[in-house]
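This note's numbering runs 275 ahead of the 1-based position in the sequence shown.
Every residue, glycine too, gets a C-beta built ideally from N, C-alpha and C.
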Amino acid sequence: MAVDKVVPSAAAAVADIGAGATVMISGFGPPGQPDLLIEALYESGVTDLTVINNNAGAGGEAISELFAAKRVRKVVCSFPKAIGSTVFDDLYLAGEIELELVPQGTLAERIRAAGAGVAGFYTPTGYGTELAEGKEVRVLDGRPCVFERPLIADFALVRAHRADTHGNLVYRKTGRNFGPLMAAAAEVTIAEVGGIAEVGAIDPETVVTPGIYVDRVVLGADAGAEDER
């Protein structure tokens, strides 16, 4: 039976993201960020979100709108601060948003662990700092290591360069950052893409995220343009 995961609009793609959901959003700054899906999430009016993202403060206008509207209860990220962006900073200092700060490599590995079914891992990163408070510590090879748990999300919003109708994803350059990890770590993965091809039109050797991890595909607003951000 044919499987077509393409949905007609970003609004339809995010329609079932409800209050209190945990949402992963790909991107390393603007590259790899699904702006259309974030905008649709904002327009949906959903509240009380937990957002897992590399850079809360450097996400551009779409994600800043989401924060400014106070739709996000908590952010798990490695870079909350960004030059020229004060929205997140102001909310945090006012006590209106929670922050879980995670070192970037640890953040990536916690997301990867969720997709791989790993229950947790030890890392020396963060030992002896406030980031390790309350966490289990074990000495391995003479080095104190902190036990970190995986990060699992209800939804992942990712940006890819191209997809086929089965949801197989191809990324372009720095757009391939957190997307592949997040796609495997969420219950539902929604991909915003720059182009959609028929099954068989994409070389299997270039597929990074297999369609088995992707539930919905939506064409981005910049369809047909090279993703140069």
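Selected residue, minimal CA-CA separation from residue i, among the options
| i | options | result |
| --- | --- | --- |
| valine 532 | Val412, Thr404 and Pro485 | Any answer about residue 532 is impossible in this case: the structure gives the chain only from 276 up to 504. |
| alanine 315 | Ile300, Ile327 and Asn328 | Ile300 |
| alanine 389 | Gly442, Gly320 and Ala431 | Ala431 |
| aspartate 439 | Gly450, Asp478 and Pro455 | Asp478 |
| threonine 322 | Asn329, Leu341 and Ala391 | Leu341 |
| glycine 417 | Thr398, Thr449 and Arg385 | Thr398 |
| asparagine 329 | Ala369, Leu382, Ala459 and Glu480 | Leu382 |
| glutamate 411 | Arg346, Asp429, Glu405 and Val421 | Val421 |
| glutamate 375 | Val482, Val326 and Gly495 | Val326 |
| valine 278 | Arg348, Ile386 and Val474 | Val474 |
| aspartate 497 | Asp310, Glu405, Ala407 and Glu480 | Asp310 |
| leucine 494 | Glu467, Phe303 and Lys345 | Glu467 |
| leucine 353 | Ala290, Ala343, Ala461 and Leu406 | This sequence places serine at residue 353; leucine is not what is there. Considering only alpha carbons, the answer is Leu406. |
| glutamate 462 | Glu408, Gly392 and Thr361 | Gly392 |
| alanine 290 | Tyr317, Ala369 and Ala460 | Tyr317 |
N-terminal and C-terminal residue of the beta strand (DSSP E) that residue i is part of
| i | result |
| --- | --- |
| threonine 484 | That residue, threonine 484, is in no beta strand (DSSP E); it is neither H nor E in DSSP. |
| arginine 418 | 418-423 |
| alanine 496 | First-last for alanine 496: undefined, no H or E at that position. |
| aspartate 310 | Premise fails: aspartate 310 lies in the alpha helix (DSSP H), 310-319, not in any beta strand (DSSP E). |
| threonine 398 | 396-398 |
| alanine 288 | From DSSP, alanine 288 is part of no beta strand (DSSP E) but of the alpha helix (DSSP H) over 285-288. |
| isoleucine 327 | 324-327 |
| arginine 346 | Here arginine 346 belongs to no beta strand (DSSP E), and DSSP marks it neither H nor E. |
| arginine 413 | 412-415 |
Assumed close pair residue i, residue j - CB separation to whole angstroms, cut-off 8 Å
| i | j | result |
| --- | --- | --- |
| proline 355 | tyrosine 367 | 7 Å |
| arginine 437 | alanine 472 | 6 Å |
| alanine 294 | leucine 312 | With a Cβ gap of about 18 Å, alanine 294 and leucine 312 do not count as contacting. |
| phenylalanine 363 | alanine 337 | Contact flag wrong, Cβ pair sits at about 13 Å. |
| leucine 426 | valine 351 | 7 Å |
| glycine 302 | asparagine 452 | 7 Å |
| threonine 400 | glycine 380 | 6 Å |
Neighbourhood of residue i by C-beta distance below 7 Å, restricted to the same chain and skipping five residues each side
| i | result |
| --- | --- |
| valine 281 | Thr440, Ile471 and Val492 |
| threonine 464 | Ala431, Val433, Ala458, Tyr488, Val489 and Asp490 |
| phenylalanine 396 | Glu384, Ala388 and Glu423 |
| isoleucine 358 | For isoleucine 358, the pLDDT reaches just 48, beneath the cut-off of 50, and the residue's location in the model is therefore unreliable, leaving the point undetermined. |
| valine 347 | Leu324, Val326, Leu341 and Ile372 |
| leucine 456 | Ala383, Ile386, Arg387 and Gly390 |
Sequence-distant residues of its chain with Cβ nearer than 6 Å to residue i (five each side left out)
| i | result |
| --- | --- |
| glycine 442 | Lys280, Gly486, Val489 and Val492 |
| alanine 286 | Ala315 |
| threonine 297 | Thr325, Ala428 and Asp429 |
| lysine 216 | Residue coverage of the chain in this structure runs from 276 to 504, which leaves residue 216 outside it and unanswerable. |
Where the alpha helix (DSSP H) containing residue i begins and where it ends
| i | result |
| --- | --- |
| phenylalanine 363 | 362-368 |
| arginine 381 | The question names arginine, yet the displayed sequence has threonine at residue 381. Counting along the chain, the alpha helix (DSSP H) containing threonine 381 begins and ends at 379-391. |
| alanine 458 | 454-460 |
Bridge-paired residues (DSSP) for residue i
| i | result |
| --- | --- |
| leucine 432 | Ile300 and Ile465 |
| alanine 438 | Leu444 and Ile471 |
| glutamate 375 | Val351 |
| valine 281 | Val492 |
Spatial neighbours of residue i in its chain, beta-carbon cut-off 8 Å, leaving aside the 5 residues before and after
| i | result |
| --- | --- |
| serine 284 | Ala315 and Val493 |
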